[in-house]
Amino acid sequence: MKLRIPGPTECPDEVLKALSKQAINHRSPEFRKLIKGITEKLKQVFFTKDDVLLFTSSGTGGLEAAITNFLSPGDCVLSTSSGAFGDRFADIAEAFGARVIRLTKPPGQAIRMSELNFAFSSFKDIKAVLLTHNETSTGVTNSIGQLAYSASLRDKLIIVDAVSSLSVLPLFIDNWKLDVVVTASQKGWMAPPGISMMSVSEKAWEAHMQAKMPRFYFDISKAKQHLEKGETPWTPALSTLFGLEVSLELILKEGIFHVFKRHMEVGEYFRKGLKKLNLEILPSYEDASNSITAIKAPEFLDGITLKKILRENYGIEVGGGHGKLAGKIIRVGHMGLVQKSDMDEVLDVLKDILK
Ligand SMILES: *Cc1c(COP(=O)(O)O)cnc(C)c1O
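Mapped onto the numbering used here, the consecutive letters of the sequence shown carry residue numbers 122 to 476.
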């Protein structure tokens, strides 16, 4: 089976090999070396000098940590959403008692800086803004640099879901003044699920000191104290860390800018190929993601059937549509371990099916 869902993604052989190692003591010099190495490499890919903390969880755990560590019940939060993951981020904030103002775009549309400006001028007590860099449910990439600029001019806390974009699409955390950024091991990082990662700016630490939402497992004060000793507060997903250590080496060896370029070329190549097959994508070409493509199901074949044919007749696993998009789109992941030839494989099969 070929995994072309937008996460978990396939791991390189070197990573798979690292996963088969025996566990180690997570309070030992060996582990200290492992976590120090991983954290230093992560900072290079995050383009940050801020703290980068690790949690044992999928991406959603990291998103929860990004809410509960920096906010208090009753705080006013502006959520921006281009789809299911943006909605989820807002739901988490609401679950913990934030007052959430929702700026929601129809499926396939990105958030515009002018809309953010308008929201900030309409609601004066907004403390933090939630941004989704790459909306995996609709294949839309938001212009985070512009959105963050609008927010930082007004001194808002900028909290970013970069789960399906960090290590794939350019994201410059320090330059763009992003305060809290979350990602997860099973997307562009070419490692298995199990670890979420979060950067925390100086300003975010100040907010943390005042923040009163309940938290325990994901408390960043505990995570930072332990990291200083080369540990995690709780038993970490060791195998995933073994894999991540190797995948980070591969990413840095290729060169992070080369990784960005490869994803840009693969994304463009795939969209061109789809156009030749007369298949439409959900977003405009301007907003289309280079880590995942949402393809509209053709009129004569619904998305659920198309996904089933891809899986059962051709051994290619793709994603379907969330919520109202169920049956209307299929989603093809191209993040992490991916080359143009992988997309040729999908394009050839789609051509065959459409015939
Ligand atoms: C995958 C993903 C998540 C997290 O999902 P998990 O299943 O909890 O890892 C969050 N946001 C985005 C944009 C994602 O792509």
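We treat Cβ as the ideally placed atom computed from N, Cα and C, and that holds for glycine.
Are THR189 and PHE217 close, meaning C-beta to C-beta below 7 Å?
Contact flag set, yes.
Would you list the residues sitting across from MET319 in a DSSP beta bridge?
LEU174, VAL303, per the DSSP bridge assignment.
Which whole-angstrom value describes the C-beta separation of VAL198 and LEU251, a residue pair presumed to lie in contact below a C-beta threshold of 8 Å?
Indeed, because the Cβ distance is near 6 Å, the residues count as touching under 8 Å.
If we count Cβ pairs, one from each stretch, closer than 8 Å, do we get three or more for the region 299-318 versus the region 357-370?
These segments touch.
Nearest to GLU386 by CA position, among THR225, ALA409, PRO150, is which residue?
Looking at the Cα atoms, ALA409 is the closest of the given residues.
Return the chain-ordered ranges of every alpha helix (DSSP H) run that is complete within the region 239-274 and spans a minimum of 4 residues.
Qualifying alpha helix (DSSP H) stretches, in chain order: 265-274.
Compare the beta carbon distance of ILE280 and VAL301 with 7 Å and say whether it is the shorter of the two.
Taking 7 Å as the Cβ cut-off, ILE280 and VAL301 qualify as a contacting pair.
Tell me whether ILE430 sits in a helix, a strand or coil according to DSSP, three-state version.
Helix, per DSSP.
Have a look at LEU137 and SER360 and give me their C-alpha separation to the nearest angstrom.
Straight-line Cα distance between these residues: approximately 10 Å.
How should GLU185 be labelled, buried or exposed, when 16 other C-beta atoms within 10 angstroms of its C-beta is the threshold for buried?
GLU185 comes out buried.
Under the criterion of a Cβ to heavy atom distance below 6 Å, does SER179 qualify as lining ligand 1?
Correct: SER179 has its Cβ closer than 6 Å to ligand 1.
Taking DSSP as the reference, what is the three-state secondary structure of ALA139?
Helix at ALA139.
If you count every other CB in all the chains shown that lies within 10 Å of the CB of THR130, and 16 or more means buried, which is it?
Classification of THR130: buried, given that the 10 Å Cβ count is 16 or more.
Helix or strand or just coil, what does DSSP make of ASP469?
Residue state, collapsed to three classes: helix.
Tell me the residue span of the beta strand (DSSP E) that contains SER202.
197-202 is the extent of the beta strand (DSSP E) around SER202.
Would VAL303 and ASP172 qualify as a contact pair, given that the criterion is a beta-carbon distance under 7 Å?
No. Outside cutoff.
Please confirm whether SER317 and GLY180 have their CB atoms less than 7 Å apart.
Their beta carbons are under 7 Å apart, which means SER317 touches GLY180 by this criterion.
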